[in-house]
Amino acid sequence: MALHIYNSYTRKKEIFESITPGYVGMYVCGPTVSGESHLGHARPYISFDVVYRYLTYKKYKVRYVRNITDAGHFEEEGREAEDKVSKKAQIEKLEPMELVQKYTNLFHWAMKQFNCVEPSIEPTATGHIVEQIVMIEDIISKGYAYVVNGSVYFDVKKYAASHDYGKLSGRVIDELLDAGNREDVSRELDGQQEKRDAADFALWKAAPPEHIMRWKSPWGEGFPGWHIECSAMATKYLGSNFDIHGGGMDLLFPHHESEIAQSTICNHSAPVKYWMHNNMITINGRKMGKSYNNVIKLTEMFSGNHPLLTQAFHPMTVRFFILQSHYRSTLDFSSEALSASEKALKRLWDAYEVLKNLPVSNNASPNDAELDSKITNWLNEFEIFMDDDFGSPRVIANMFEIAPIINSLKDGLIPFDAISASTLQKMKDSFQVFLEDVFGLTNVNDQNNELLNPIMQLLLDIRKEAKSNKDFATSDKIRNQLTQLGILIKDDKEGNTTWGVA
RNA sequence: GGUCCUUUGGCCGAGUGGCUUAGGCAAAGCUCUGCAAAAGCUUCUACAGCGGUUCGAAUCCGCUAGGGACCUCCA
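Heads up, the first sequence stops at 501 in numbering that gives the first Met the number 0, and the numbers go up one at a time, no gaps.
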């Protein structure tokens with residue numbers, strides 16, 4: 000089965016065929032590093048990390064570009080244009096670039112916690128001012144942008160006359176063009192008066208004197224509009240036409256719509272073959288976002304230091320939580336849901352550890368052909384489900400179908416010759432590939448270390464001895480106190496004991 | 001106001017026109033156990049409401065109700 004991807008642009012699932020066979024160019028809108036990342040930000044980066052990993056698994060050579068937006072944009076309309084980055088910097092008494100660096104570092108730290116693969120290229124907006132200016136000049140020369148008072152605006156009306164502006168986001172162009180005249184649009188965009196039409200968007204903004212972040216341009220000192228950076232950097236590193244552009248659904252309009260317009264004018268063709276958008280993470284049914292005042296920062300997530308959290312959550316728990324739902328569905332956050340994911344992940348990973356240690360026999364044919372083929376089928380579906388627009392929840396469901404079988408094999412409830420050696424080997428391989436390589440999950444309980452292991456073995460030996468002497472006081476003491484320390488003792492049928500961090 | 005999406009069992013969440021209609025968490029019972037835990041087995045089992053299309057719909061269409069997103073910085 001071939002990989003199918005839901006294309007936001009056509010609103011259909013399409014067979015994925017890369018523009019250049021064997022190669023994939025993927026651009027994902029990265030963070031604005033003027034503040035700390037929150038749980039909502041985790042979704043696209045984890046979702047597209049899995050996309051990247053899966054494409055790699057499918058033998059594509061992927062160039063994965065994810066930008067860092069470190070040039071400030073507007074904060075509030077109806078007031079004087081303010082650079083978000085420089086404003087915050089004054090509050091915190093930091094240099095703008097110092098602030099940007101701080102949050103970039105924090106973002107990178109969080110990505111590492113989530114075990115996200117680093118992008119191939121991570122370009123910054125401030126590092127590509129020249130490219131953006133060149134692109135704006137090109138748009139002006141082609142007649143689709145105009146200069147007013149040192150700012151440059153994209154002429155949406157002119158573009159819409161010959162192009163389908165609004166197709167991606169499902170906007171009706173007449174309404175956009177009409178927006179400035181409508182009563183319900185009471186909030187005035189900055190610079191609205193100097194635009195030819197309300198729907199026009201800024202390519203370059205003249206910087207007021209108090210603006211710290213500013214660059215020289217043919218139109219005076221200023222800073223780039225929000226949308227142009229992605230167009231410029233994507234074009235530079237992936238070309239005029241590339242395969243996948245990803246981001247949150249909230250970026251559909253105006254960001255991605257505008258990107259299409261800009262790039263189409265400059266490159267004479269639509270820039271992106273497959274647009275992918277992840278849905279939002281909500282809290283109590285409401286999107287997590289600054290304006291709603293309901294964000295949980297990632298540092299709070301990992302520390303449990305937030306009123307909505309009953310405990311700290313491991314980054315892998317968050318990652319698993321996100322993978323348990325489809326990337327295009329909204330995902331409602333709650334502490335309970337996270338706790339459920341935590342337990343589920345632990346159960347799954349424990350089974351995986353057991354699986355890794357199961358001995359592979361030379362059993363050529365299964366004694367229980369029905370079970371053997373059921374397992375084979377579940378394993379084969381891993382790839383089938385992922386091929387169907389990255390159906391990670393269904394893959395996980397299949398893994399949970401197999402988990403009890405793994406445990407039963409270990410406990411002898413299912414004899415080893417029930418399944419063939421090749422099937423067992425396939426189980427090991429498939430779990431390893433999908434759990435670790437594709438889903439990017441890692442062991443949560445990797446506190447095991449060289450010193451602790453022999454000490455634990457010593458304690459378990461003493462306990463075993465005590466048990467065989469019916470000295471249950473001693474054996475229970477060891478067990479109970481270890482439990483208090485957060486170490487779980489598991490006895491199996493053969494009298495063997497394993498342990499793990501609870 | 002416009003555009004679009006969504007509504008699944010106690011909770012979270014997959015999913016397909018029909019074949020017993022995932023999975024996880026929680027709960028209950030059982031097996032195992034010195035007692036537990038872990039593990040295994042079993043049970044509980046839904047598709048907002050109303051109408052329509054169909055031999056047959058939770059799955060397609062319409063209406064109603066609830067929820068949400070975007071239209072503004074936003075993942």
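Glycine residues also receive a C-beta, built at the ideal position from the N, C-alpha and C atoms.
Methionine 275: member of the beta strand (DSSP E) spanning 271-277, first to last residue. In this structure, DSSP gives methionine 287 a state outside helix and strand, which the three-state scheme calls coil.
Under the three-state reduction of DSSP, tyrosine 26 is assigned to strand. Only residues of its own chain outside the window of five on either side were considered, and among them Ile401, Ile404, Ile418, Thr422, Met426 have a CB closer than 7 Å to the CB of isoleucine 374, listed in chain order. Counting along the chain, the unbroken beta strand (DSSP E) around valine 500 starts and ends at 496-500. About 21 Å separates the CB atoms of threonine 316 and leucine 354; that is not less than 8 Å, and the two are not in contact.
The DSSP-derived three-state label of asparagine 6 is strand. In the DSSP assignment, phenylalanine 200 forms a beta bridge with Phe153. Note: tyrosine 63 is bridge-paired with Met25 in the DSSP secondary-structure output. The C-alpha of methionine 96 lies about 15 Å from the C-alpha of isoleucine 128. According to the DSSP assignment, alanine 144 belongs to the beta strand (DSSP E) that extends over 144-147. Taking a 10 Å sphere around the C-beta of tryptophan 498, we find 16 or more other C-beta atoms and assign the residue as buried. Per DSSP, the continuous beta strand (DSSP E) segment holding aspartate 331 begins and ends at 330-332. No Cβ-Cβ contact shorter than 9 Å links proline 223 with isoleucine 321.
It is roughly 10 Å from the alpha-carbon of isoleucine 259 to the alpha-carbon of aspartate 163. In this structure, isoleucine 135 places its C-beta atom within 9 Å of the C-beta atom of valine 151.
Around the beta carbon of alanine 368, fewer than 16 other beta carbons sit within 10 angstroms, so the residue counts as exposed. In this model, alanine 205 and tryptophan 218 are separated by some 8 Å (Cα to Cα). In this structure, the beta-carbon distance from histidine 210 to serine 239 does not fall below 9 Å. By the 16-neighbour rule on beta-carbons within 10 angstroms, phenylalanine 430 is buried. Three or more Cβ pairs closer than 8 Å define a contact, and the segment 8-18 falls short of that threshold against the segment 281-293. Between threonine 123 and aspartate 196, the gap from beta carbon to beta carbon reaches 9 Å or more.
Of the candidates Ile477, Leu440, Phe381, the residue whose Cα lies closest to the Cα of asparagine 114 is Leu440. DSSP, reduced to helix, strand and coil, places glycine 247 within a strand of the structure shown. DSSP, reduced to helix, strand and coil, places tryptophan 348 within a helical segment of the structure shown. Shown here, alanine 205 sits in a strand according to DSSP, grouped into three states.
Histidine 254 and glycine 71 have their alpha carbons spaced roughly 15 Å apart. The beta carbon of glycine 494 lies closer than 8 Å to those of Lys463 in the same chain, with the five residues before and after it left out.
Between the segment 58-68 and the segment 270-278, the count of C-beta pairs closer than 8 Å stays below three; the two stretches do not touch.
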